[in-house]
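J.:
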């Protein structure tokens, strides 16, 4: 029996076929090669070889011809006739379909939809085979990730020509850094296609010579995918296939010779194998040998290199010294290196891109993400450059960071004279500026020294005499390290004041936090932070190196954190895409361990009282460290909670009992941690969250999503694409337990760490505190009665009557 549609309560048996309206494709049971196993699949009807392009039950074959396909309002199921062997395959649909219809389109797409829905509108499909490719990509099929639904469309090879089960190779979009397609053999990277440069894939020579098809690459906040479409569907039959031995090929059907011709091979030479030349090596099929080191680099192991083993790559002949006269060497026409550990911004121009790399000591190279319009978008590398291949026409430009000794110096004498004149003029301007600044600073210092020493200055000096085992820095040292607190060194600014990056004479990088004259925090917060954090030592707490109290200054000197604060990543549309689930999970666990130390393992029990995303700093390996202890309170003995008439913290992170009644405890920090956890998973700020269907804040939305079993709509697409969904759902549940309205219902942090690191059964959370947005409005109103105000990003201090 051949039909074009299967409706509800109808069955589809082995021997029946569904044929697309135009007769291009057919759905039916088949046995591949010499195998006797039976599979349900889609194949070309007009091609005599019966090429199969999609298989339903690829990992669970039927042993005979008793297979039956049934369509219901819940989806599609494949069973045996007597149903005794269970379900061999099924499609999953979240909603029940009233009048389900299964149809095979002329594109080769098998779709399940409501009969009343439009067959030409993709969003009206309840389920479609195009969302679940096997080893073939057909024209019109998306190859990539839907960041909203979490659907990851990738291809996996057959095990053999006789066995369509999962093979060794898979090709999928990797979102670890700048998105790229990676072919893997098991867990080993086998090859890369290179990046989409705006016109083509830079790692596939001659790919741009498209005669039979056009292609589309979409990269936005909703989805990232590649798709190709035939220019004339009636004149050509084309597909992309991943073979059992790992070959990726574009094939075209030759009707005259009745065979598939290779239009383009994506693994054409040994230079297409991943990392053939190792770090800082580049491959060229015209070279003998294939691999060479980049300029300024030499083989790490010359003997192995000469024996054609290039896997260990190359090392620099001269080490980079940050702050010296460094520059860049341009390489043109190359497949850009592996971007899994890269950073990108699609809005930055090439001038800003160069400066970003030059001012970051960890940056090894930069390139333009899009070659159109002379180059736009910025792509930075922070690790070794691996898998560079030389091409002539379709490659891109990359600028590799090099010390001055390796840069080309071939200026003409005329150019040298012009540069000399410019240099002398610049030096004169700098000298005059320095003289002016010295005179100005001298007058300023004389004026300051003529003032009477205030009581506050006496208190500051007293800190130096306390036994805190904390080094005291003189002001000149910090001033020199930060280039006189230059704006170029400014990292950011919070409630305490601006923070500057500095470099001490011994080469140590620091972050200097200087109290500003208009700061909402004062002497008490400064002394509190010094006394709280001076003796704390934990890998997830920022290290306070010392302080400066000279001449009324209040400066705290910390270890420098290369990746700044957590909020700069998770709340940034572009940087958030670099934060996959393993990275976010590591950050969540690190914050939890740091809080356990503060609450339980340190000599004094310390409650932070201002835990938020901007107070979590990230080191060069993205490890989290809790910072900013200006609002912290320490307890001794068996003290566990206290009341205060001075409420401090940040709206959106404060627990209900603290914001309203001024009562705080370790459970106050647990609440803040729960808010932070949900923000990390969703990539959205709690108080800035808005939804078209309700007026709840982020916590309310999380609770609603949890109750209605719709957590997919809460979780960031990058997390969904890089995680075990059940693991993420569990972490959301832990976050909801942390933000319970009653502090007694919240776990302590040691219990949270256990929940995060094990599969112990979790209690069911109740409705969270500050569930409705109106509660925040009431809290804001309560705070406004004190005639104080603050934004979402700044710490607030409010005076309330003691309970």
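In UniProt numbering, the protein residues as written are 1 to 803. A virtual CB, placed ideally from N, CA and C, is assigned to each residue, including glycine. Keep in mind the model is a prediction, meaning the values are calculated, not measured.
Determine the direct distance from the alpha carbon of residue 407 to that of residue 353, and round the result to whole angstroms.
T.: Roughly 19 Å separates the two Cα atoms.
J.: Using DSSP bridges, identify the partner residues of residue 328.
T.: DSSP output for residue 328 lists 401 as bridge partner(s).
J.: Would you call residue 659 buried or exposed, if buried means 16 or more other Cβ atoms sit within 10 Å of its Cβ?
T.: By the neighbour-count rule (16 or more Cβ atoms within 10 Å), residue 659 is buried.
J.: Could you check how far apart the C-beta atoms of residue 540 and residue 626 are, in whole angstroms? I think they sit under 8 Å.
T.: About 6 Å; that satisfies the 8 Å criterion.
J.: Helix, strand or coil for residue 13? Go by DSSP, reduced to three states.
T.: In the structure shown, residue 13 sits in a strand (DSSP, three-state: E or B).
J.: For residue 857, which residues of its own chain have a beta-carbon under 6 Å away from its beta-carbon, when the five flanking residues on both sides are left out?
T.: The shown model of the chain, from 1 to 803, leaves out residue 857, and the question about it has no answer.
J.: In angstroms, rounded to a whole number, what distance separates the CA positions of residue 770 and residue 753?
T.: So the alpha carbons of these two residues sit roughly 24 Å apart.
J.: Do residue 472 and residue 547 have their beta-carbon atoms positioned less than 8 Å apart in this structure?
T.: Contact flag set, yes.
J.: Would the beta-carbon of residue 538 fall within 8 Å of that of residue 500?
T.: The answer is no: Cβ separation not under 8 Å.
J.: Please determine if the segment 220-234 and the segment 422-431 are in contact, where contact requires at least 3 C-beta pairs separated by less than 8 Å.
T.: No, because fewer than three Cβ pairs between the segment 220-234 and the segment 422-431 fall closer than 8 Å, the two stretches do not touch.
J.: Where does residue 110 fall in DSSP's three states?
T.: Residue state, collapsed to three classes: strand.
J.: So, does the segment 669-687 touch the segment 730-745, judging by three or more C-beta pairs under 8 Å?
T.: Yes: the two stretches touch, three or more of their Cβ pairs being nearer than 8 Å.
J.: Could you check where the alpha helix (DSSP H) with residue 694 kicks off and where it finishes?
T.: Unbroken run through residue 694: none, as it is neither H nor E.
J.: Compute the Euclidean distance between the alpha carbons of residue 456 and residue 513, then round it to the nearest angstrom.
T.: Note that residue 456 scores 40 on pLDDT, short of 50, meaning its location in the model is unreliable; the coordinates nonetheless yield the value given after this. Near 19 Å, if we compare the C-alpha coordinates of residue 513 and residue 456.
J.: Can you tell which of 589, 570 and 765 has its C-alpha closest to the C-alpha of residue 715?
T.: Closest by alpha carbon: 570.
J.: Using 8 Å as the Cβ pair cut-off and three pairs as the minimum, do the segment 695-715 and the segment 665-672 touch?
T.: No: fewer than three Cβ pairs fall under 8 Å.
J.: Indicate the three-state DSSP secondary structure (helix, strand or coil) for residue 77 in the structure shown.
T.: Looking at residue 77 - three-state DSSP - the assignment turns out to be strand.
J.: Taking the beta strand (DSSP E) that residue 223 falls in, what are its first and last residues?
T.: Residue 223 -> beta strand (DSSP E) spans 223-230.
J.: Could you tell me which residues DSSP puts in a beta bridge with residue 768?
T.: In DSSP, residue 768 forms a bridge with 740.
J.: Please state the DSSP three-state secondary structure of residue 289.
T.: Residue state, collapsed to three classes: coil.
J.: Quick check: what's the CA-CA separation for residue 191 versus residue 102?
T.: Rounded to the nearest angstrom, the two C-alpha atoms are 37 Å apart.
J.: Would you tell me roughly how many angstroms separate the C-alpha atoms of residue 507 and residue 216, rounded to the nearest one?
T.: Looking at the two C-alpha atoms, the distance is approximately 49 Å.
J.: How close, in whole Å, do the beta carbons of residue 820 and residue 146 come, if the pair is a contact with beta carbons under 8 Å?
T.: Outside the shown range of the chain (1 to 803) lies residue 820, about which nothing can therefore be said.
J.: Could you please give the first and the last residue of the uninterrupted alpha helix (DSSP H) stretch that includes residue 146?
T.: Note, residue 146: premise wrong, no alpha helix (DSSP H); beta strand (DSSP E) at 143-146.
J.: Which value, in whole angstroms, describes the spacing of the CA atoms of residue 51 and residue 58?
T.: Straight-line Cα distance between these residues: approximately 15 Å.
J.: Under three-state DSSP, which class holds residue 578?
T.: Residue 578 falls in the helix class under three-state DSSP.
J.: Using a Cβ-Cβ cutoff of less than 6 Å, which residues in the same chain neighbour residue 290 once the five nearest sequence positions on both sides are dropped?
T.: Once the five neighbours on either side are set aside, the close Cβ partners of residue 290 are 283.
J.: Using a 10 Å radius around the Cβ and a threshold of 16 neighbouring Cβ atoms, would you call residue 694 buried or exposed?
T.: Exposed, by the Cβ-count rule.
J.: To the nearest angstrom, report how far apart residue 403 and residue 498 are at their CA atoms.
T.: Straight-line Cα distance between these residues: approximately 32 Å.
J.: Identify, in the order they occur along the chain, each residue of the same chain with its Cβ nearer than 6 Å to the Cβ of residue 196, setting aside the five sequence neighbours on each side.
T.: These residues qualify, in order along the chain: 217.
J.: Using the rule of at least 16 other Cβ atoms within 10 Å of the residue's Cβ for burial, across every protein chain shown, is residue 788 buried or exposed?
T.: Any answer about residue 788 is weak, because its pLDDT of 33 lies below 50 and its placement is not dependable; what the coordinates show is given next. Exposed, because fewer than 16 other Cβ atoms sit within 10 Å of the Cβ of residue 788.
J.: Using the Cα positions of residue 729 and residue 711, report the straight-line distance between them to the nearest angstrom.
T.: When rounded, the distance between both Cα atoms is 7 Å.
J.: So, is residue 238 buried or exposed, given that buried needs 16 or more other C-beta atoms within 10 angstroms?
T.: Counting Cβ neighbours within 10 Å, residue 238 comes out buried, since at least 16 surround it.
J.: Using 8 Å as the threshold, is the C-beta distance between residue 367 and residue 385 below it?
T.: Contact flag unset, no.
J.: If you follow the alpha helix (DSSP H) that residue 359 is in, where does it begin and where does it stop?
T.: Unbroken alpha helix (DSSP H) run through residue 359: 350-359.
J.: Excluding the 5 residues preceding and the 5 following residue 263 in the sequence, name in chain order all residues of the same chain whose CB lies nearer than 6 Å to its CB.
T.: Once the five neighbours on either side are set aside, the close Cβ partners of residue 263 are 250 and 252.
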